[in-house]
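Report on one structure; see the data block that follows.
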Ligand code: SF4
Ligand code: SF4
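Numbering (this note's numbering), first residue to last: 1 to 378.
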């Protein structure tokens, strides 16, 4: 039976977070699993250049609390790293680290903040769909990985939790290629499970103190859930998160895939939950989650119907021209290469759009809406 720990964490005040994070780490005897010579990687969710109070990225106080705990346990070889959306360059990393609060934490605690942008292919033959992933160097070198995710809804996968956070182990603009290769949610979910099996974090914490609902993972609204949850079983932790946000696990692609592959127990009753589960009303879901036709179509017919469905039935990204600043970040992250900048505004050609919503995710000024087609505007 997997153990999930939950704390009611009212604020990001460091002392409070330290107490709660220590509780989680102690329940799983994490200090006892890491020896001083081991290299520990802390992997926060640093999706984009956002300040901690914008509830898009892992709050720095959780990262600092984990570092303090490890150092007190005599573990000093600690690196903080992520490959955010967009370019994976030292300059881009610096901008995101500075704004997200990671630079300050790592300087204060004197731990490494990764600026190397190397990556290498890591093979895992047992994987179902993807046998080899390009992974950023600190992930390849780590002996123990602590995943610190941010709890958010997600336009494509439905949930951004412990497993989805690992997508940031893939370097920069290689990520959109995975969207291109696996445009259907079912396959994307399988890919994420293969990725998790390849990266194999030892432990995961989820920052749900100020979570995001609605048009996540970057354009949603704040949900003050005041919760940190943790486990060493990431699939079961994501199952628990489904319960917390009021989502059907069968509709969250990576949770469904983990259940189908018997990596996740699939039943909340089978989890050993330590702590008080927040009694929250269901999270508002991303607009795209309202309609998932491809999931209903029998597999043999999907190829034939895909074009038709994509054109008429699914949601799509729509640029709000008055807010677009023409930065090109959406075009850069579009795996289908179907966005161009014209007269300093983004323009989408929908024929090739695969509805991954990377553009929506990466727009720094939230100028991309997710809209259902007119057929569903009752
Ligand atoms: S336009 Fe947006 S949603 Fe469509 S393929 Fe490009 S990034 Fe994905
Ligand atoms: S839509 Fe957003 S990401 Fe794309 S060019 Fe405009 S401001 Fe930049």
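C-beta atoms are modelled at their ideal positions from N, C-alpha and C, and glycine is treated no differently.
It should be emphasised that the depicted structure is a prediction, and the values quoted were computed from it without experimental measurement.
In the same chain as residue 136, and ignoring 5 residues on each side of it, the C-beta atoms closer than 7 Å to its own belong to 81, 83, 119, 169 and 171, in chain order.
Take residue 208, set aside five residues on each side of it, and the residues of its chain with a beta-carbon closer than 6 Å to its own are 151, 225 and 227, in chain order. Taking all protein chains in view, the Cβ of residue 179 is crowded by 16 or more other Cβ atoms within 10 Å, so the residue is classified as buried.
In the pairwise beta carbon analysis, the stretch 313–322 is classified as not touching the stretch 160–169: fewer than three pairs are separated by under 8 Å.
The continuous alpha helix (DSSP H) containing residue 198 extends over residues 185–199. The three-state secondary structure of residue 144, taken from DSSP, is strand. Shortest gap from the CB of residue 333 to any heavy atom of ligand 1: under 7 Å. Judged by pairs of C-beta atoms under 8 Å, the stretch 128–144 does not touch the stretch 333–345, as fewer than three such pairs exist.
The C-beta distance from residue 153 to residue 213 rounds to 5 Å, short enough to meet the 8 Å contact threshold.
Given a length threshold of 3 residues, each whole run of the beta strand (DSSP E) inside the stretch 5–86 is given here in chain order: 40–44 and 78–80.
At the C-beta level, residue 215 and residue 155 come within 8 Å of one another. Per the coordinates, the alpha-carbon of residue 271 lies some 19 Å from the alpha-carbon of residue 280. For residue 136, the secondary structure class from DSSP, reduced to helix, strand or coil, is strand. In this structure, ligand 2 has a non-hydrogen atom nearer than 7 Å to the beta-carbon of residue 324.
Under the three-pair Cβ rule at 8 Å, the stretch 100–118 counts as touching the stretch 43–52. Three or more Cβ pairs closer than 8 Å define a contact, and the stretch 235–250 falls short of that threshold against the stretch 84–91. Here DSSP, grouped into helix, strand and coil, assigns residue 337 to coil.
Contact check for residue 202 against residue 232 passes: the beta carbons are separated by less than 8 Å. With respect to the 8 Å criterion, residue 78 and residue 127 are not classified as neighbours on the basis of their beta carbons. Ranked by how close their Cα comes to the Cα of residue 21, the residues 3, 240, 62 and 145 have 62 in first place. Distances between the C-beta of residue 68 and the heavy atoms of ligand 1 are all 7 Å or more. Between the alpha carbons of residue 250 and residue 256 lies a distance of about 5 Å. In the DSSP assignment, the residues bridged to residue 112 are 79. When 253, 204 and 105 are compared, the shortest CA-CA separation from residue 229 is found for 204.
Taking the C-beta atoms as reference points, residue 277 is found no nearer than 8 Å to residue 17. Beta-bridge annotation (DSSP): residue 342 is paired with 345. With a beta-carbon spacing of about 6 Å, residue 254 and residue 157 fall inside the 8 Å limit used to define contacts.
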